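Step one of this worksheet: look at the structure below.
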Amino acid sequence: MKKISTKLTASMLCLTFAVLTFVGVALIFNMTLEYYRDFNVTVSALFESEQFANSCTDTDSLFKYITDNEAVLCRDSEKECYILENGNIVKSTKSGGLVHITDNLQRVLDGGVTVKSDITSDALDYAVHTGYGRVLYVRDTRADLYAGIADMSFLFLQAFVIGIVLTLLLSILISKRLTLSLKQLERGARKMQNGEFERVTVSSKDEVGRLCTVFNEMGEQIQADFDEFSRIENSRREFVANVSHELKTPLTVIKSYSQTLSGMDVDADTRKKFLAVIDSEVDRMTDIVGKLLKISRLESKSTILRERVDIRAAVTEILNALQIKAKEKSLEITVTGECCVVSDGEKIKTILSNLLTNAVKYSETGGKIQVTIGNNTVCVRDNGIGISESDLPRIFERFYRTDKARGRDTGGSGLGLAIAKECADSIGAKLSVKSQLHKYTEFELEIKNE
Ligand code: ADP
């Protein structure tokens with residue numbers, strides 16, 4: 359039996375069969391016992407009375423007593439009465455002789471006084487020694503008992519058929535309901551094996567229903583983990599592709615310039631120019647590798663320093679370093695406000711340095727940069743080239759540049775904001791951006807004061 363439904367149906371059928379058989383046998387047994395008890399009560403009442411003892415003087419008065427009481431004797435069963443003298447029948451209520459001598463009769467004929475039947479006897483009869491060498495023998499044909507048993511058996515047969523049919527229908531219905539959820543679970547599990555998740559309908563609150571709920575929760579968790587894994591795997595692939603691409607470009611430039619230098623006879627000026635290009639490409643590669651190492655260190659390092667950081671002093675220090683570039687572009691830089699926080703100073707300086715370098719880098723000649731220091735916040739705003747709405751959500755991604763070609767010209771690698779964001783996350787700070795293309799860009803850093 360491979361199917362639960364078959365097993366369930368078979369078990370229910372066996373159970374119905376067993377119950378009906380037990381009830382049937384018990385009823386028939388009780389009916390027989392009651393029949394025997396009734397016989398014994400009737401014969402005792404009739405043949406153990408004083409009236410009976412008085413009628414035992416001669417055969418005729420004894421037979422008259424029997425016929426007078428026939429209505430009581432044969433009230434609800436068919437009985438035969440015999441009067442025997444010296445072992446021979448002298449009178450009987452039934453024509454013809456005794457078919458066979460029963461154990462009870464034999465015992466009385468052999469000298470016993472009264473013998474009654476019980477359910478283990480070979481016949482339902484009663485024999486009594488009435489004196490004067492006479493024996494009264496009463497035998498119940500049990501025809502009524504057999505008829506009753508036959509009726510009861512027929513009734514039970516009908517009940518049996520109806521019971522089996524009902525059980526079959528019921529078990530099919532129950533097993534269908536039960537196996538429906540199990541089949542759904544099996545289908546869901548098979549789909550999950552192939553990496554697909556399909557919710558299972560929870561149609562009950564029983565064990566199977568609870569199993570379906572757990573299955574759904576498990577599936578959702580696996581799906582979420584799988585999505586997260588796919589996302590990480592995709593970003594890893596993208597990252598490797600980006601790193602390769604970013605490093606390949608300077609390497610190609612270096613290779614071609616060095617080949618030209620070694621293969622051609624070039625004048626001192628050209629050689630100087632070529633070497634300057636090689637030098638700048640090496641710087642670029644060093645910068646990228648340095649930034650990548652910084653990101654990797656940030657990702658693995660969990661220790662955060664707690665020190666007093668003067669934000670205004672940090673901003674001034676960074677702006678001093680950017681002074682030459684700012685002057686080249688004739689930028690107007692204003693710094694307002696001041697504040698001190700307890701946090702990781704190095705990380706805050708890294709963030710601010712990236713924001714201020716970008717503000718200088720992406721401002722046009724004569725542009726304005728405003729640094730506003732508030733209570734645990736720093737806002738860096740420039741009126742430079744701005745960022746388009748479509749680029750804005752991605753600018754914190756590694757290697758993301760709004761304009762790839764220009765990014766390279768300005769020496770940008772698309773890693774600065776990724777580092778800034780990583781630093782902000784690690785110290786529990788919030789880094790957000792607002793911008794409008796060709797109008798302004800505003801970065802706000804909200805520092806968690808430890
Ligand atoms: P990059 O080294 O290219 O500057 P970042 O990660 O610092 O890399 O910046 C990512 C991109 O975000 C930049 O390429 C630039 O397109 C844009 N961006 C960042 N800051 C500004 C800004 N202040 N104004 C305009 N665009 C900006």
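If you count the sequence shown from 1, position 204 lands on 562 in the working numbering, and the numbers rise without skipping. Even glycine gets a Cβ: it sits at the ideal position worked out from N, Cα and C. Bear in mind that the values here come from a model prediction, so they are computed numbers and not experimental data.
query	result
Using only the alpha-carbon positions, how far apart do phenylalanine 410 and glycine 489 sit?	12 Å
Rounded C-beta distance between valine 729 and valine 693? I'm assuming under 8 Å.	4 Å
If I'm right that lysine 434 touches threonine 460 with Cβ under 8 Å, what's the distance once you round it to whole angstroms?	One point to set straight first is that residue 434 is aspartate, not lysine, in the sequence displayed. Not confirmed; about 22 Å, so no contact.
Can you name the start and end residues of the beta strand (DSSP E) that threonine 694 belongs to?	690-694
I'd like to confirm something about serine 790: is its beta-carbon nearer than 7 Å to some heavy atom of ligand 1, or not?	no
If you run the structure through DSSP and keep just helix, strand and coil, what is isoleucine 441?	strand
Between Lys649, Gly732, Ala599 and Lys541, which lies nearest to phenylalanine 573 when the distance is taken from Cα to Cα?	Lys541
Do you know offhand how far alanine 787's Cα is from leucine 803's?	7 Å
Between glycine 491 and glutamate 443, what straight-line distance do the alpha-carbon atoms span, to the nearest angstrom?	6 Å
What would DSSP say about leucine 714, mapped onto helix, strand or coil?	helix
Please report the residue range of the alpha helix (DSSP H) in which asparagine 807 lies.	Looking at the DSSP string, asparagine 807 is not in any alpha helix (DSSP H), and its letter there is neither H nor E.
My assumption, with CB atoms under 8 Å, is that phenylalanine 754 sits in contact with asparagine 600. Please give the rounded CB distance.	Incorrect: roughly 14 Å between the Cβ atoms, too far for contact.
Looking at ligand 1, does it come within less than 7 Å of lysine 797, judged from the CB to the closest heavy atom?	no
Could you check how far apart the C-beta atoms of lysine 689 and glycine 725 are, in whole angstroms? I think they sit under 8 Å.	Looking at the sequence itself, residue 689 is leucine, so the reference to lysine does not match. About 5 Å separates the two Cβ atoms, so the contact holds.
Could you tell me the alpha carbon to alpha carbon distance between glycine 744 and lysine 792, rounded to whole angstroms?	9 Å
Where do the ends of the beta strand (DSSP E) carrying serine 593 lie?	Not the beta strand (DSSP E): serine 593 falls in the alpha helix (DSSP H), residues 565-621.
Just mark cysteine 698 as buried or exposed, buried being the case when its beta carbon has 16 or more other beta carbons within 10 Å.	exposed
Could you check which residue in Val667, Leu656, Lys606 and Ile669 has the C-alpha nearest to that of glutamate 639?	Lys606
Measuring straight from C-alpha to C-alpha, what distance separates valine 473 and isoleucine 520?	45 Å
Locate the beta strand (DSSP E) running through serine 407, then write down its first and last residues.	Segment: none, serine 407 is in no beta strand (DSSP E) and carries neither H nor E.
Specify the secondary structure class of glutamate 544 as computed by DSSP and reduced to three states.	helix
State the Cα-Cα distance for the pair asparagine 398 and phenylalanine 405, rounded to the nearest angstrom.	10 Å
Are the CB atoms of methionine 389 and isoleucine 477 nearer to each other than 8 Å?	no
Quick check on DSSP: helix, strand or coil for glycine 489?	strand
Pick out the complete alpha helix (DSSP H) segments inside the segment 443-468, 4 residues or longer, and give them in chain order.	461-467
Return helix, strand or coil for glutamate 800, following the three-state DSSP convention.	strand
Among Ser561, Val523 and Cys570, which has the Cα closest to the Cα of glutamate 544?	Cys570
Indicate the three-state DSSP secondary structure (helix, strand or coil) for cysteine 698 in the structure shown.	strand
Grab the span of the beta strand (DSSP E) containing aspartate 418 for me, first residue to last.	No beta strand (DSSP E) holds aspartate 418; the alpha helix (DSSP H) holding it covers 417-426.
In the DSSP output, which residue or residues are listed as bridge partners for valine 318?	Past the edges of the chain, shown from 359 to 808, lies residue 318, and the structure says nothing about it.
Grouping DSSP H, G and I as helix and E and B as strand, with all else coil, what is leucine 663?	coil
Does the beta-carbon of arginine 568 have 16 or more other beta-carbons within 10 angstroms, so that it is buried, or is it exposed?	exposed
State the DSSP-derived secondary structure class of valine 791, mapped to helix, strand or coil.	strand
Kindly indicate which three-state DSSP category lysine 474 falls into: helix, strand or coil?	strand
Quick test of your reading: phenylalanine 555 and isoleucine 590, contact by CB under 8 Å. State the CB separation rounded to the nearest angstrom.	The pair is not a contact, with the Cβ atoms about 19 Å apart (cut-off 8 Å).
Identify which residue in Arg666, Met576, Gly546 and Leu538 has its Cα closest to the Cα of serine 562.	Leu538
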